[in-house]
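Below: the structure, in structure tokens.
Numbering (the numbering used here), first residue to last: 9 to 302.
Below is the structure:
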């Protein structure tokens, strides 16, 4: 009888030990899977047609905007300065101060006007931004630091700026809306022009423990020819392409060696794609011109 009891006790100990290990491994996976690579996600295929290493003041480049075939405007997330980077000379040729220190994330430029987005949702419009008599006006929105705003695109046909939260939307963790800021009324629309469902099938390889982390947009841009929306994520480098109606088409992983923390995306009028990436581990920030092989 004693032997039987000992055998049962040993069996119970083994059972509960194995159960504890399984539960513990499950707990670790659920809590630390944010650190795991997306091995099952398809990597986007591309051809690099140009690459520029940025100077130290743009190591933390957070947003870019195409100006002309020779120049790209850029901002970094600490100083209220627009940097004009010359692609031919491979250097910053002009610095334009527009504000005090802050957390500047998105940039759009058209003609004489510049538009800047802060992480708290404030939109700053700088008219005649390259002139000494520039006019600077800041507009608050319904967003705050909780939403962590980084993405900005100038939609010329709609005469509006488009923004989307990186983290939580205003009323939901399950959806992230692309909202329009009217350049006629200078206010943010209540209803989004399109929405991204965090449980969309396109994001199946990007599942996280917290649903709002499935895709965390760091910038957006609309292809001038196809009208598709390109959404970039810098936290875990990836690219999402949506059709002109806002329907997700495909999600791709990006190579961390090339894009360690991609924070900016822009197109030339001809459809040339540029992606900027912050420098990680003391490396330089970069701008990469690429052709997607889709």
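Ideal Cβ positions, reconstructed from N, Cα and C, are used throughout, including at glycine. Remember, it's a predicted structure, so these values are computed and weren't measured experimentally.
Under DSSP, residue 88 shares a beta bridge with 107. Here DSSP, grouped into helix, strand and coil, assigns residue 141 to coil. Residue 269 carries a coil assignment under DSSP once its states are collapsed to helix, strand and coil. 259 is the residue among 187, 259, 183 and 158 whose C-alpha sits nearest the C-alpha of residue 213. For residue 132, the enclosing beta strand (DSSP E) starts and ends at 131-135. Only residues of its own chain outside the window of five on either side were considered, and among them 116, 118, 123 and 169 have a CB closer than 7 Å to the CB of residue 162, listed in chain order. For the pair residue 232 and residue 203, the Cα-to-Cα distance works out to about 21 Å. With the rule of 3 Cβ pairs closer than 8 Å, the region 277-287 counts as touching the region 232-246. Sequence-distant partners of residue 111 (beyond 5 residues in either direction) whose C-beta falls short of 6 Å from its own C-beta, in its chain, are 85, 126 and 127. When 89, 296, 165 and 195 are compared, the shortest CA-CA separation from residue 151 is found for 195.
Here residue 80 is not near residue 89, since their CB atoms are 9 Å or more apart.
Ranked by how close their Cα comes to the Cα of residue 240, the residues 227, 251 and 252 have 227 in first place. Shown here, residue 198 sits in coil according to DSSP, grouped into three states, outside any helix or strand. When beta bridges are read from the DSSP output, residue 59 appears opposite 296. Here residue 134 really is in contact with residue 121; their C-beta atoms are around 7 Å apart, less than 8 Å.
The continuous stretches of beta strand (DSSP E) do not include residue 280, and DSSP gives it neither H nor E.
Burial state of residue 165 is exposed, judged by a 10 Å Cβ sphere holding fewer than 16 other Cβ atoms.
Rounded to whole angstroms, the Cβ separation of residue 70 and residue 272 is 7 Å, and the two are in contact under 8 Å.
For residue 163, the uninterrupted beta strand (DSSP E) segment begins and ends at 157-163. Close CB contacts of residue 132 within its chain, under the 6 Å cut and outside five residues either way in sequence, are with 124 and 146 (chain order). Take the alpha-carbon of residue 68 and the one of residue 251: they are about 30 Å apart. With contacts defined as CB atoms closer than 9 Å, residue 267 and residue 243 fail to qualify as a contacting pair. Using a 10 angstroms sphere on the CB of residue 77, the tally of other CB atoms stays under 16, which defines it as exposed. Exposed is the label assigned to residue 63, since fewer than 16 other Cβ atoms lie within 10 Å of its Cβ. In the three-state reduction of the DSSP assignment, residue 52 falls in the coil class, being assigned neither a helical nor a strand state. With fewer than 16 neighbouring CB atoms inside 10 Å of its own CB, residue 59 falls in the exposed class. Within the same chain, 88, 134 and 144 come within 6 Å of residue 106 by CB-CB distance, once the 5 residues on both sides are set aside. According to the DSSP assignment, residue 171 belongs to the beta strand (DSSP E) that extends over 168-173.
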